[in-house]
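Have a look at the structure below before the remarks.
Residue numbers (my numbering): 2 to 257.
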């Protein structure tokens with residue numbers, strides 16, 4: 002059943018702050034997609050008109066139209082004649098900022114879940130031969146190494162190690178100032194857009210670190226995802242190693 006959006010509904014949209022550093026259409030797009038993914042705009046919701054959205058966000062109609070067109074291309078919205086712009090309820094097709102915020106973690110019923118991230122370790126170190134090859138830098142170049150734990154509704158869901166080349170991230174913040182939404186920060190601070198991801202997925206038995214961080218009893222199986230993220234220039238910018246249990250969650254990667 003379609004849900005008409007009117008003045009009595011929750012108001013997920015508000016005027017953008019002056020501190021938003023990304024292009025305005027990208028910011029509008031992010032606000033709308035986050036409202037969809039967080040359930041504020043469920044499937045079937047009819048969005049306000051472009052003029053109304055432009056007024057709510059404090060931007061031009063052209064900016065809103067560009068944001069809606071991008072979300073339609075990604076599959077989160079669809080245009081219906083005589084009805085307007087409707088939320089599809091599908092996960093975003095190529096919205097990599099949400100890929101990393103939500104990491105395609107679904108509950109057993111298929112619902113997309115948002116995770117909370119806690120930084121466990123932060124190091125400045127030197128790239129190994131394997132890391133250097135994958136990041137297309139020289140062995141021994143300085144890299145930023147982050148260890149993080151993701152929780153969903155209080156349950157330990159995934160732990161991960163990220164490796165980033167320091168040379169591309171001048172004045173990268175220290176551990177106590179690092180925002181939890183790292184990929185959004187890289188986009189807004191460095192205009193670093195993750196445009197493609199290459200993944201390798203395997204299954205293995207949990208080790209002692211997995212058991213401690215994910216609160217598992219051994220023996221237990223875990224899924225392992227090794228990935229390389231590429232920017233808009235097809236340069237590798239982030240290496241990631243993720244380990245998680247499928248006891249409570251599943252990983253879904255949709256191709257449409």
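Where a beta carbon is used, it is the ideal one built from N, C-alpha and C, also for glycine. Note that the structure is a prediction, hence the values are computed from the model and not measured.
Among the options, nearest to residue i - alpha-carbon criterion
| i | options | result |
| --- | --- | --- |
| residue 167 | 81, 240, 78 and 68 | 240 |
| residue 225 | 119, 214 and 159 | 159 |
| residue 184 | 147, 203 and 131 | 147 |
| residue 210 | 247, 154 and 219 | 219 |
| residue 77 | 67, 38 and 59 | 38 |
Residue i vs residue j beta-carbon contact at 8 Å
| i | j | result |
| --- | --- | --- |
| residue 223 | residue 245 | yes |
| residue 187 | residue 179 | no |
| residue 65 | residue 29 | yes |
| residue 149 | residue 170 | no |
| residue 86 | residue 25 | no |
| residue 34 | residue 72 | yes |
Cut-off 6 Å between Cβ atoms - residues of its own chain near residue i, not counting five sequence neighbours on either side
| i | result |
| --- | --- |
| residue 221 | 207 |
| residue 165 | 145 and 239 |
| residue 31 | none |
| residue 117 | 152 |
| residue 243 | 159, 161 and 226 |
| residue 198 | 228 and 230 |
| residue 1 | Residue 1 cannot be examined here, being either before or after the span of the chain that is shown, 2 to 257. |
| residue 42 | 36 and 88 |
| residue 119 | 150 |
Own chain partners of residue i with C-beta closer than 7 Å, once the 5 adjacent residues on each side are dropped
| i | result |
| --- | --- |
| residue 137 | 236 and 237 |
| residue 135 | 229, 237 and 240 |
| residue 156 | 249 |
| residue 191 | 170 |
Beta-carbon contacts of residue i that lie in its chain and below 8 Å, excluding the five residues immediately before and after
| i | result |
| --- | --- |
| residue 55 | 61, 62, 64 and 65 |
| residue 133 | 139, 140, 141 and 142 |
Cα-Cα separation, residue i to residue j
| i | j | result |
| --- | --- | --- |
| residue 152 | residue 83 | 42 Å |
| residue 195 | residue 182 | 13 Å |
| residue 57 | residue 123 | 39 Å |
| residue 126 | residue 88 | 45 Å |
| residue 90 | residue 53 | 22 Å |
| residue 201 | residue 234 | 22 Å |
| residue 231 | residue 175 | 24 Å |
| residue 40 | residue 46 | 11 Å |
| residue 214 | residue 81 | 47 Å |
| residue 51 | residue 74 | 17 Å |
| residue 27 | residue 79 | 18 Å |
| residue 101 | residue 189 | Confidence at residue 101 is low in this model, with a pLDDT of 45, below 50, so its placement is unreliable and no value can be given for it. |
| residue 212 | residue 205 | 13 Å |
| residue 129 | residue 247 | 30 Å |
| residue 44 | residue 69 | 16 Å |
| residue 203 | residue 154 | 25 Å |
Every unbroken alpha helix (DSSP H) within the region 166–215, with a cutoff of 4 residues, ordered by chain:
183–191 and 209–215
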